[in-house]
Structures are given as C-alpha cells and as structure tokens.
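The sequence shown begins at 1 in the working numbering and counts up by one.
For every residue, glycine included, the Cβ atom is placed at its ideal position computed from N, Cα and C.
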Amino acid sequence: MADALGMIETKGFVAMVEAADAMVKAATEAGARQAERVGELVSVHVIPRPHVNIDEALPLGRQGRSGGKTE
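Okay, structure coming up:
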C-alpha cells in the first residue's frame with residue numbers, strides 16, 4: 001500500500017480551490033500547476049510515507065486504518 005501526504009500552500013482562495021480540485025483528480029504536481037495558472041503558489045511539500053500516527057496530529061478523515069485513532 002502506498003500512502004503519501006501532499007500539501008500545497010497558495011495565496012488566494014481561487015488558487016486554493018483550483019489546486020484542491022486538481023489534486024483530487026490527479027496528484028500534488030497537477031495541483032501545483034493549476035494553482036500557478038490562476039493565482040500564486042507559495043510552496044509544495046510531499047511526505048511519501050507519513051508515520052502511521054499522522055492522524056493523531058493531522059486528521060485526514062481516514063476511517064478504519066490501523067495505527068490511527070478513529071472517533
């Protein structure tokens with residue numbers, strides 16, 4: 001199983017929405033390109049294999065995974 005956590009920081013609401021939409025459809029790289037196209041991209045960071053306890057610090061909405069709390 002390949003888990004990854006991709007984060008994009010933008011300036012502006014439109015750039016954030018466009019980046020999020022592209023990331024849902026493709027990947028972080030697509031989101032970054034889309035954010036640059038319509039607004040200002042600040043940074044991109046990908047954690048290829050986040051620690052199994054990442055959900056305790058940053059809830060990702062994953063249900064039923066081992067290692068994370070589900071409430």
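DSSP links residue 6 through a beta bridge to 46.
Contact check for residue 29 and residue 10: beta-carbon distance about 15 angstroms, past the 8 angstroms limit, so the pair fails to qualify. With respect to residue 8, residue 27 sits apart: the two C-beta atoms are not nearer than 8 angstroms.
Put simply, the stretch 45–55 does not touch the stretch 13–22. Fewer than three CB pairs are less than 8 angstroms apart.
If the five residues before and after residue 12 are omitted, its C-beta is found closer than 7 angstroms to the C-beta atoms of 39, 40, all from its own chain and listed in chain order. Residue pairing from DSSP places residue 41 in a beta bridge opposite 10.
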